[in-house]
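Top line first, the protein sequences correspond to chains A and B.
Residue 817 is where the first sequence starts when you use our numbering, and the numbers rise one by one after that.
Residue -14 is where the second sequence starts when you use our numbering, and the numbers rise one by one after that.
Here a beta-carbon is modelled for each residue, glycine too, at the ideal position from N, C-alpha and C.
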Amino acid sequence: MSLIAVVDYGMGNLRSVDKALEHVAMSGQEVRITSSAEDIASADRVVFPGQGAARDCMRELKQRNLIEPVMQAAKEKPFLGICMGLQVLMSHSEENHGVDCMDMYKGEVRFFGNAINREASTEQLKIPHMGWNNVTQTISHPLWHGIKQGSRFYFVHSYYVDPEDEAIVAGETAYDIVFTSAVACGNVFAVQFHPEKSASDGLQLLKNFTQWDGK
Amino acid sequence: MSLAKRIIPCLDVDNGRVVKGVKFVDIRDAGDPVEVARRYDKEGADEITFLDITASSDNRDTIVHVVEHVAEEVFIPLTVGGGIRKVEDVRTMLNAGADKVAINTAAVFNPDFVKQATDRVGSQCIVVAIDAKQVSAEGEPLRWEIFTHGGRKPTGLDAVEWARKMVENGAGEILLTSMDRDGTKIGFDIKLTRAIAEAVSVPVIASGGVGTLEHLAEGILQGKADAVLAASIFHFAEYSVHEAKQYMAESGIEVRL
């Protein structure tokens, strides 16, 4: 049995992620929601979801001693970050008056409302950025397999990642500004949108992940 | 290339069954919420909203099972409303697989409830449902108030101020229903929709009065809503969600096709 561990650190409902992965998993793959460091260490693939505030996410990860196991998994096996599971990989977030994150990738997590070109726009920018928006695939990647360029995915977030190293950007989306909506680096792929809520294209991405060897 | 405006079919669920007669030709059991949700998903619905109208509190659990079953098969956002009174109710629905929970009357009687709920589960999960009715007379400046009990009881609360207050308390989205238009099929109350949409910084879903595809487009173009919700035009298969989206696209609205 090959294990796909979905990391549970108390931030948000993981049922949808779990059900969507089960829907696309190959026979012989088990999907398990877990907060156990052993499960994360022994898993073949790790999914790192999360919703809520950056401060709460980092606090819960620390309290459950999950920072190290998650960082370790991100170094060595196919790893999929979703939503907050992308944001907390960065160095620092503007949320909650500033929160230090996991610092796996250099860069800041920024608030939409602070973009400098705000006054140029006539209509009020609605925050959160909620709904279906296009994702431009900036690189080819096994996780984009079978998904058309510019396909729409479901987003719900008020902050976005701004990585220093442009080479890790895998997808971009326009909302007031053009922001990084997917990141790829080695065995890590992380997305701002919710593949588990993005109908067939989302399921395709998850399916690609269940078959990805991390290369 | 930008954020799409959303079309959201709404299902009224009573004791675990879809009511208001859904007339899909190729559906075996039109009363089964799972089948209907699956159908709407296939037609391209951007989200689905379930409104629990079960009168008896003994049967409250049935909606939880409905959400569980739908969430196992339909992978688009699900919102559940009706009878949400405590933070515990919100958590139960989210754990069952809902992405968002709509709070209506309970917010009116206890405005702090919205704050408590958003503190606990995050703004992105909390939709505040507002039922508004015009109270200004002909010739007076337009004014709408919040009504409860299906539009029968006035509360004295100004709808625009109330919407702003709910957003301050953490609401991540507003589901706005015109009680003057609900069930009339003569179109949204565009002035109300626009007044609320321009007053708040979060997305607004327009509801109440849709009878034609043109009405849906008006809600977005003139009402400035971010999403439109409709029940009967989809239930009675007058139009499919796909047809509605095509019409909107032809009207110059960005949609997910």
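- Rounded to the nearest whole angstrom, the CA to CA distance from B/Ala122 to B/Arg128 is 9 Å.
- Cβ-Cβ distances below 6 Å link B/Ala180 to Val145 in the same chain, with the five nearest sequence neighbours on each side left out; the list follows chain order.
- The Cβ-Cβ distance between A/Leu902 and A/Val977 falls below 8 Å.
- Cβ-Cβ distances below 6 Å link A/Val1004 to Ala890, Phe895 in the same chain, with the five nearest sequence neighbours on each side left out; the list follows chain order.
- Sequence-distant partners of B/Val49 (beyond 5 residues in either direction) whose C-beta falls short of 8 Å from its own C-beta, in its chain, are Thr77, Met78, Ala81.
- Against chain B, the CB of A/Lys1023 has no partner CB under 8 Å away; the residue lies outside that interface.
- A/Val904 carries a coil assignment under DSSP once its states are collapsed to helix, strand and coil.
- Sixteen is the threshold: when 16 or more other Cβ atoms of the shown chains lie within 10 Å of the Cβ of A/Arg831, as they do, the residue is buried.
- In chain order, Pro865, Gly866, Gln867, His973, Gln1008, His1010 place their CB closer than 7 Å to the CB of A/Cys899, counting only its own chain and leaving out the 5 sequence neighbours on each side.
- Here B/Thr64 is not near B/Gly1, since their CB atoms are 8 Å or more apart.
- With distances taken between CA atoms, A/Val862 lies nearest to A/Asp824 out of A/Gln879, A/Asp824, A/Cys873, A/Lys878.
- The stretch 95 to 103 of chain B and the stretch 159 to 178 of chain B do not touch, with fewer than 3 CB-CB distances between them shorter than 8 Å.
- Residues of the stretch 145 to 178 of chain B that bring their beta carbon within less than 7 Å of a beta carbon in chain A comprise Gly157, Glu158, in sequence order.
- Going by C-alpha positions, A/Trp948 is about 10 Å away from B/Pro62.
- At a C-beta separation below 8 Å, B/Pro(-6) has no neighbours in chain A, since its nearest C-beta there lies roughly 14 Å away.
- Taking a C-beta cut-off of 9 Å against chain A, the contacting residues of the stretch 183 to 195 of chain B are Glu183, Val185, Ser186, Val187, Pro188, Val189, listed in chain order.
- About 17 Å separates the CB atoms of B/Ile69 and B/Leu214; that is not less than 8 Å, and the two are not in contact.
- At least 8 Å separates the CB of B/Gln119 from every CB of chain A.
- Sixteen is the threshold: when 16 or more other Cβ atoms of the shown chains lie within 10 Å of the Cβ of B/Phe98, as they do, the residue is buried.
- Secondary structure within the stretch 820 to 901 of chain A: the alpha helix (DSSP H) runs of 4 or more consecutive residues, fully enclosed, are 831 to 840, 853 to 858, 870 to 879, 883 to 892 (chain order).
- A/Thr954 has its alpha-carbon roughly 32 Å from the corresponding atom of B/Ile190.
- A/Leu896 has a beta carbon lying at 8 Å or more from every beta carbon in chain B.
- In this structure A/Asp992 is buried. Its beta-carbon is surrounded by 16 or more other beta-carbon atoms within 10 angstroms.
- Within the stretch 856 to 887 of chain A, contact with chain B at the beta-carbon level (separation under 8 Å) is assigned to Gln867, Gly868, Ala869.
- Close partners of B/Ala91 in chain A (Cβ separation under 7 Å) are lacking, with about 21 Å as the shortest Cβ gap.
- For A/Gly923, same chain residues with a beta-carbon under 7 Å away, outside a window of 5 residues either side, are Met906, Ser907, Val977, Asp978, Pro979, Glu980 in chain order.
- In the DSSP assignment, B/Trp147 falls within the alpha helix (DSSP H) that extends over 144 to 153.
- Taking a beta-carbon distance threshold of 8 Å, A/His945 counts as an interface residue toward chain B.
- Cβ contact annotation for A/Ile943 (same chain, cutoff 7 Å, sequence separation greater than five): Phe928, Gly929, Ser974, in chain order.
- DSSP, reduced to helix, strand and coil, places B/Arg76 within a helical segment of the structure shown.
- The CB of A/Ala821 never comes closer than 9 Å to any CB in chain B; the least such distance is about 20 Å.
- B/Ile38 is a Cβ neighbour of B/Asp(-1), given a cutoff of 8 Å.
- Sequence-distant partners of A/Leu877 (beyond 5 residues in either direction) whose C-beta falls short of 6 Å from its own C-beta, in its chain, are Tyr825, Ile883.
- A/Asn949 is bridged by DSSP to A/Phe969.
- Any Cβ of chain B closer than 8 Å to the Cβ of A/Gly826 would place that residue at the interface, and such an atom is absent.
- Using a Cβ distance threshold of 8 Å, B/Ser192 and B/Leu142 do not count as a contacting pair.
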